[in-house]
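Enquirer: Residue numbers (my numbering): 136 to 307. The beta-carbon is built from N, C-alpha and C at its ideal position, and this holds for glycine as well.
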């Protein structure tokens, strides 16, 4: 089940995000201590609070049997070189690592494509950490392609921007 997030979800969202990002950043060479500090968790919770309470962003929670298993954040593009009249941004998809491979990310992706369709947007953009091979492969399977834009990211690796040109039905 997918539903709109609310402030009561902040701790569960923050904890799920922490587990997911710890898995992919650790795989990219970061230590767990750098990723799970109380200060880092507090910053993530504040950022999620801003997203949940923002009128122009949408945060969805995926639940199974009453447990939060995934989150999706989306809205207008953040970069000035992207035309908000035709482009929406997928800010984040996170799935609890214990649930990877169960189709949850695919369902969240379908919700993003539906967001584009509902807003009459023809293109999606997102940024992925270049060392997050799992995310890169997931997005490539769903039709996303690098557009040449990148910016510095953690661990000496860049974030790369990917684009999805919306055509036909959502890709799962």
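1. Using 10 angstroms around the beta-carbon of residue 217, count the other beta-carbons present and answer buried if the total reaches 16, otherwise exposed.
2. Please determine if the stretch 277 to 293 and the stretch 174 to 187 are in contact, where contact requires at least 3 C-beta pairs separated by less than 8 Å.
3. Can the beta-carbon of residue 154 be found less than 8 Å from the beta-carbon of residue 231?
4. Give the straight-line distance between the Cα atoms of residue 193 and residue 253, rounded to the nearest whole angstrom.
5. How many angstroms separate the CA atom of residue 205 from the CA atom of residue 267?
6. Could you spell out where the beta strand (DSSP E) holding residue 282 opens and where it closes?
7. Report yes if the CB atom of residue 250 is closer than 8 Å to the CB atom of residue 278, and no otherwise.
8. Expressed to the nearest angstrom, what Euclidean distance is found between the alpha-carbon atoms of residue 187 and residue 151?
9. Express the C-alpha separation of residue 269 and residue 136 in angstroms, rounding to a whole number.
10. In chain order, what residues of the same chain lie with their CB nearer than 7 Å to the CB of residue 305, ignoring the 5 residues before and after it?
11. Check the C-beta distance from residue 226 over to residue 263 and give it rounded, since I have them as a contact under 8 Å.
12. Considering only residues of the same chain and omitting the five flanking positions on each side of residue 146, which have a CB-CB separation below 8 Å?
13. Using only alpha-carbon positions, find the residue among 237, 203, 255 that is nearest to residue 99.
14. In this structure, what does DSSP give as the bridge partners for residue 294?
15. Report the residue from 214, 215, 213, 198 whose alpha carbon sits nearest the alpha carbon of residue 207.
16. Where are the beta strand (DSSP E) runs, 3 residues long or more, that stay fully inside the stretch 175 to 246, in chain order?
17. Please state whether DSSP places residue 301 in a helix, a strand or coil.
Expert: Inspection of the coordinates gives the following:
1. A buried status is given to residue 217, since no fewer than 16 other beta-carbon atoms sit within 10 Å of its beta-carbon.
2. Too few Cβ pairs lie closer than 8 Å, so no.
3. Cβ atoms of residue 154 and residue 231: closer than 8 Å.
4. Whole-angstrom Cα-Cα distance: 13 Å.
5. One C-alpha to the other measures close to 17 Å.
6. Per DSSP, residue 282 is one residue of the beta strand (DSSP E) stretching across 280 to 287.
7. No, they are not a contact pair.
8. Their backbone Cα atoms lie some 15 Å apart in a straight line.
9. Taking the straight line joining both Cα atoms gives about 24 Å.
10. Confidence is the limiting factor: at residue 305 the pLDDT is only 42, short of 50, which leaves the residue's position unreliable, though a coordinate-based value still follows. Cβ neighbours of residue 305 beyond the five flanking positions: 245, 248, 249.
11. About 11 Å separates the two Cβ atoms, so there is no contact after all.
12. So the list reads 180, once near-sequence residues are dropped.
13. The question about residue 99 has no answer, for the chain in this structure spans 136 to 307.
14. Looking at the DSSP assignment, residue 294 forms a beta bridge with 264, 286.
15. Taking only the C-alpha atoms, the option nearest residue 207 is 198.
16. Entirely contained in the stretch 175 to 246, the beta strand (DSSP E) runs reaching 3 residues are, in chain order, 193 to 199, 202 to 210, 222 to 230.
17. Collapsing the DSSP output to three states places residue 301 in coil.
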